[in-house]
Structures are given as structure tokens and as C-alpha cells.
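Engineer: All residue numbers for the sequence shown refer to our numbering, where the first residue is 11 and numbers rise by one.
Where a beta carbon is used, it is the ideal one built from N, C-alpha and C, also for glycine.
As the structure is a computational prediction, the values presented were derived from the model and not from experiment.
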Amino acid sequence: MAAPDHLARLVRQHAETAQLLGVDFLPKRVDATPSASTPAAARPSTPEPAPMSAPMPSGKPASKPTDEPTNKADLLDQLRARYEADAPHAAFVTDFNSIVFGDGDPDADLMFIGEAPGREEDLQGIPFVGRAGQLLNSMIEAMGLTRQSVYIANVLKTRPPNNATPTKDEATACAPYLFGQISIVRPKAIVTLGLPASQTLLETTEAMGKMRGTWRTFRVPDADLHAPGLIPAGAGGLEIPVMPTYHPAYLLRAYTAENRKKVWSDLQQVMAKLG
Ligand code: URA
């Protein structure tokens, strides 16, 4: 049975989420303590969007492959060192403070992928720490998770001048390192935030409005000709479910109840997938 102060925190969190995302709900019953591994315990009851316990079109909760490497943190460190040596951004961006590689649990079940660091991220060297990052944190907490329990990365690892949207060439040059991160973490599900991340992972030119809210699949490439040696042996061909949703920065710009509800509905699908 959850402690009273925990319940109070949970109710407050859901109330804040309701306000933040414009979703009209409060939990009707809470019968277990939520944790990173049991996000369902923090689920609110709400008739619309679909309840989080509703079966997903793809059936069973996602599961991790069993032949995973155990030293994921080391592998990520090695990949970062390789990125720094290769400097795939060098042809495009030279005026930056930090390489913003990734943040969070190397063994996370859930990975969020954005497009590129902004000003705050460039200063701190950590992804999603500005305004959009604060909203992302709230979204993660609304899912009953913590920022520390997920892994967060971007397509580009350096801030584009004037926060420009990544070009196709930039994304192509840097994507293999992101694919390397994904194949080391091997999350059960990925949330792509916005168009550049969604299009890069899914190799599509579809519009965000069409993609969001529908499960897609990222297939780890067998090898990458642009940057050989980034995909760990055995990871090629691994398929990971991807839920594209709106970027929090877009949500801040277009902060309508409708958009917030759509994002919350997308995240609820992810929570159901994680079981
Ligand atoms: N927007 C992104 O896409 N990534 C960040 O790290 C920050 C803002």
C-alpha cells in the first residue's frame, strides 16, 4: 500500500499534468507504488484518450532481447570518444561550446530523441535542459517515470547556428552515432520528438501530423558506410517500436488543449507498450 505522502504527491503530479497537458483526469484508484519498472501503477483513469491499460495494436508489451551487452555505459563512453574523434559535425558547425551527446540511464527501457541542442544545452552539455527540456521532464514525470530512468539524445550533437533545423546532410552525417547509441541502449521503445528525429529514424518524408500517434519501427542498420564500426556486433536488424510525437518546443509554441491532448495520448500508448 502506498504511503499517504506518496499518494498526495501522485495526486498533485496528476493534477499538474492535467493542467499542463490540458488533460482532464485524476486517478480514481492507486493500489501500488509507481516506479520506473511499473509505470502502470501511476496510471490515471480517463475515458479519453484510450485507457493506458487498453491493449496495443501490436499486442504484447515490448521486451528486451536477451543477448545484450552488460557494460552499456562503457560502450556509450567509447562511442562518444569515437564521435569526438570523427567530429561528423565539423563540416557544418564550428561555433559551439559543448558536444551534447546523451543523458540518462544507459539501460533505459525508454529513449527520447530530439533534433539538436539549443542554447542552454550547448552551455551545459546536457540535452533538453532549456524550456523545452522542462516540458519534456514534466511529460516524463506524467508518465510515472523519472528523467534519470530514461535515455535522451538528439540527432545532432552540436548546436546548429541560430538553432536552425538540421539539414538532410547534417542528419545523414550524424545519424550513425545516434543509431550506435540506440543499439547500445536497446530500449523497448523510442519516442521521437518532432519531424527531424522522426524522419531520420524512420527514413520517411511523411508529415508530423500523419506520423504522430502511430507505432512505427526503427530497424538498426547492419552496418553504416558513412561511419563503419558504430553498430555493435549482433545489433544489426534489431527492431525497436517508435512513437513519433510533437516536439515539446512546438507544444510550447502551439500550446492548445488539442495538441497537449494528442501528445498525452501518444505517451499513454508508450506507457501501455512498456507494460
Ligand atoms: N531541442 C532538442 O531537440 N534537443 C534539445 O536537446 C533541446 C531542445
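If you measure from the CB of Phe138, is any heavy atom of the ligand URA nearer than 7 Å?
Structural biologist: By one-based count along the sequence shown, residue 138 stands at place 128. Yes, the ligand URA has a heavy atom inside 7 Å of this Cβ.
Engineer: Consider the C-beta atom of Val110 and the heavy atoms of the ligand URA; say whether any pair is separated by less than 7 Å.
Structural biologist: Here residue 110 refers to the residue found at position 100 of the sequence shown. Correct: Val110 has its Cβ closer than 7 Å to the ligand URA.
Engineer: How big is the Cα-Cα spacing for Gln191 and Thr266?
Structural biologist: Walking along the sequence shown from the start, residue 191 turns up at place 181. Walking along the sequence shown from the start, residue 266 turns up at place 256. The alpha-carbon atoms of Gln191 and Thr266 are separated by roughly 33 Å.
Engineer: Would you say the beta carbon of Glu180 comes nearer than 7 Å to a heavy atom of the ligand URA?
Structural biologist: For the purposes of this step, residue 180 is taken as the residue at position 170 of the sequence shown. No - the ligand URA has no heavy atom lying nearer than 7 Å to the Cβ of Glu180.
Engineer: Looking at Leu284 and Ala199, is the spacing between their C-beta atoms short of 8 Å?
Structural biologist: On the sequence shown, position 189 is the one that residue 199 refers to. On the sequence shown, position 274 is the one that residue 284 refers to. A contact, by the Cβ cut-off of 8 Å.
Engineer: Would you identify the three-state DSSP class for Tyr93, choosing helix, strand or coil?
Structural biologist: Against the sequence shown, residue 93 aligns to sequence position 83. In this structure, Tyr93 counts as helix in the three-state DSSP scheme.
Engineer: Taking Thr214 as the reference, give the member of Thr182, Leu240, Asp232 and Asp234 with the closest Cα.
Structural biologist: If you number the sequence shown from 1, residue 214 lands on position 204. Per the Cα distances, Thr182.
Engineer: With respect to the alpha helix (DSSP H) encompassing Arg222, which residues constitute its N-terminal and C-terminal limits?
Structural biologist: Locating residue 222 in the sequence shown gives position 212, counting from the first residue. Per DSSP, Arg222 belongs to no alpha helix (DSSP H) and is neither H nor E.
Engineer: Touch check for the segment 126 to 145 and the segment 157 to 175: three-plus C-beta pairs under 8 Å?
Structural biologist: Enough Cβ pairs lie closer than 8 Å, so yes.
Engineer: I'd like to know whether the C-beta atoms of Leu261 and Arg270 end up nearer to each other than 8 Å.
Structural biologist: Walking along the sequence shown from the start, residue 261 turns up at place 251. Walking along the sequence shown from the start, residue 270 turns up at place 260. Result yes, Cβ atoms of Leu261 and Arg270 sit closer than 8 Å.
Engineer: Write down the C-beta distance between Tyr326 and Leu89 rounded to the nearest angstrom, noting that I regard them as a contact closer than 8 Å.
Structural biologist: There is no way to answer for residue 326, as the model of the chain reaches only from 11 to 285.
Engineer: Just checking my contact of Val201 with Phe122 at CB under 8 Å: how many whole Å lie between their CB atoms?
Structural biologist: The count along the sequence shown starts at 1 and reaches residue 201 at position 191. The count along the sequence shown starts at 1 and reaches residue 122 at position 112. Correct: roughly 5 Å between the Cβ atoms.
Engineer: Any heavy atom of the ligand URA within a distance shorter than 7 Å of the CB on His99?
Structural biologist: The residue given as residue 99 occupies position 89 in the sequence shown. No.
Engineer: Terminal residues of the continuous beta strand (DSSP E) containing Leu203?
Structural biologist: One-based indexing of the sequence shown puts residue 203 at position 193. Start and end: Ala199 to Leu203.
Engineer: How is the alpha helix (DSSP H) around Leu146 delimited, first residue to last?
Structural biologist: Against the sequence shown, residue 146 aligns to sequence position 136. That run of the alpha helix (DSSP H) goes Arg141 to Ala152.
Engineer: Please confirm whether Ala142 and Pro254 have their CB atoms less than 8 Å apart.
Structural biologist: Translated into the one-based positions of the sequence shown, residue 142 becomes position 132. Translated into the one-based positions of the sequence shown, residue 254 becomes position 244. No; because the gap between Cβ atoms is not below 8 Å, this pair is not in contact.
Engineer: Is the beta carbon of Ala289 sitting closer than 8 Å to the one on Pro137?
Structural biologist: Residue coverage of the chain in this structure runs from 11 to 285, which leaves residue 289 outside it and unanswerable.
Engineer: Helix, strand or coil: which one does DSSP assign to Phe122?
Structural biologist: Within the sequence shown, the letter at position 112 stands for residue 122. Looking at Phe122 - three-state DSSP - the assignment turns out to be strand.
Engineer: In whole angstroms, what separates the C-alpha of Asp179 from that of Pro116?
Structural biologist: Working through the sequence shown from its first residue, we reach residue 179 at position 169. Working through the sequence shown from its first residue, we reach residue 116 at position 106. Cα to Cα, Asp179 sits roughly 28 Å from Pro116.
Engineer: Need the endpoints of the alpha helix (DSSP H) that Ala282 sits in, please.
Structural biologist: Here residue 282 corresponds to residue number 272 of the sequence shown, with the count starting at 1. Residues Ala267 to Leu284.
Engineer: CB-CB under 6 Å to Leu205, same chain, minus the five flanking residues each way: which ones, in chain order?
Structural biologist: As a first step, residue 205 must be located in the sequence shown, where it is residue number 195. The answer, listed in chain order, is Met218.
Engineer: Return the first residue and the last residue of the alpha helix (DSSP H) that Ala185 is part of.
Structural biologist: As a working note, residue 185 is residue 175 in the sequence shown. Element bounds for Ala185: Lys178 to Val195.
Engineer: Which term fits Gln288, buried or exposed, when burial requires 16 or more other beta carbons within 10 angstroms of its beta carbon?
Structural biologist: Residue 288 lies beyond the residue range present for the chain, which begins at 11 and ends at 285; the question has no answer from this structure.
Engineer: Exposed or buried, what is Lys82 when buried is set at 16 or more other beta-carbons lying within 10 Å of its beta-carbon?
Structural biologist: Reading the sequence shown from its first residue, position 72 is the one you call residue 82. Classification of Lys82: buried, given that the 10 Å Cβ count is 16 or more.
Engineer: Nearest to Gly140 by alpha carbon, out of Gly154, Asp234, Asn173 and Gly244?
Structural biologist: Against the sequence shown, residue 140 aligns to sequence position 130. Measuring from the Cα of Gly140, the nearest candidate turns out to be Asn173.
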